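Single-structure report; data block below.
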Amino acid sequence: MFLAGGIEAAREAAQNRALHRTLTGPETVATLLLPAGAELAFTDQTRQTLASVWLPHATIVAGILLDGALQPIGSLEWAGSLARDQTIGDWPCRAGDLWLTAQGVATRCTLAAAHRTAGYDLPAGAEMRSDPSNGGQEFQLPQEGPALRIAALGAELPAGGSLTLRADGSLRRLYVPQESGMAIRGVALRGHILIEGGALTGELAEPSLAGDDMLLAGATVRLDLATGKIEPTTRSSVIER
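Using this note's numbering, you'd call the opening residue of the sequence shown number 1 and step up by one each time.
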């Protein structure tokens, strides 16, 4: 019995060695230059697919001071942890969760300080997400904090809401918490709101008149931003995109 236990322990140790490798010097792994001492974990014994990297201590990777584990996210990004608050490019990022590219570009972080970008004054605590594949950006406001002025709509996005921008900085989508509501051109809306040209599609937060008809809260409407007129729509492009 003792012999069998020893054989099993030896087998597990061999399997563990086959799934892990510790770097003896700096090495580029899956496009990311890693320091000596980093421990690589693979999904199987072929070592073809990297599962994660463990940094032995806080160290500079891609120009950013990171600590703990790193995981590849698709082919363009890595998930890691900032060792302390740092400014990465233009972004003042808070210590903790971070997504980055191998070139040292932050693609997801929580803002450590207020920051202005694309004409928006984002508060500290907002979450930034930048998509390296298409250049779009998304910002999630903290649950406790100030509303965000959306000048293009003459409206205030409430705390907990989010906005999505196209690569050119134009407004593409908003999310308004169900319990809050957001008045745009005098119409109270909530949920997902899609902006296309001079109109938007969203869900009514309270009953509203559309011509001579009273539409109930929850109805999906199209709002003309120039005139403020709404009309019901049976197909919600907000949900389908």
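Using N, Cα and C, we set each Cβ at its ideal position, and we do this for glycine too.
Just so you know, these numbers come straight off a predicted model, no measurement behind them.
- Task: Could you tell me which of 65, 39, 46 sits nearest to residue 55, measuring between CA atoms?
- Result: In the sequence shown, residue 55 corresponds to position 55, counting from 1. Closest option to residue 55, Cα to Cα, is 39.
> Cα separation between residue 109 and residue 123?
Replying inline: Taking the sequence shown and counting its residues from 1, the one referred to as residue 109 is at position 109. Taking the sequence shown and counting its residues from 1, the one referred to as residue 123 is at position 123. About 13 Å.
In three-state terms, what does DSSP make of residue 225?
-> Stepping through the sequence shown from its first residue, residue 225 is reached at position 225. Residue 225: coil per DSSP, three-state reduction.
How many Å lie between residue 106 and residue 99 at the Cα? Numbered from 1 along the sequence shown, position 106 holds the residue referred to as residue 106. Numbered from 1 along the sequence shown, position 99 holds the residue referred to as residue 99. Cα to Cα, residue 106 sits roughly 6 Å from residue 99.
task = Starting from residue 173, trace the beta strand (DSSP E) both ways and give me its first and last residue.
result = Start at 1 with the first residue of the sequence shown, and residue 173 comes out as number 173. It spans 171-176 - the beta strand (DSSP E) in which residue 173 sits, taken as one unbroken run.
Give every residue of the same chain whose Cβ lies closer than 8 Å to the Cβ of residue 66, excluding the five residues on either side of it in the sequence, and list them in chain order. Taking the sequence shown and counting its residues from 1, the one referred to as residue 66 is at position 66. If we look at residue 66 and ignore the five residues flanking it on each side, its Cβ neighbours are 55, 58, 59, 60, 80, 81, 82, 83, 98.
(message) Along the chain, where does the beta strand (DSSP E) containing residue 41 start, and where does it finish?
(response) Sequence index remark: in the sequence shown, residue 41 carries index 41 (1-based). Where residue 41 is concerned, the enclosing beta strand (DSSP E) stretches over 39-42.
- Message: For residue 137 and residue 51, I'd like the C-alpha separation in whole angstroms.
- Response: As a working mapping, residue 137 is identified with position 137 in the sequence shown. As a working mapping, residue 51 is identified with position 51 in the sequence shown. Those two C-alpha atoms are separated by around 27 Å.
* Asked: Since residue 77 sits in a beta bridge, which residues does DSSP pair it with?
  -> Counted from its first residue, the sequence shown places residue 77 at position 77. Beta-bridge pairing links residue 77 to 73.
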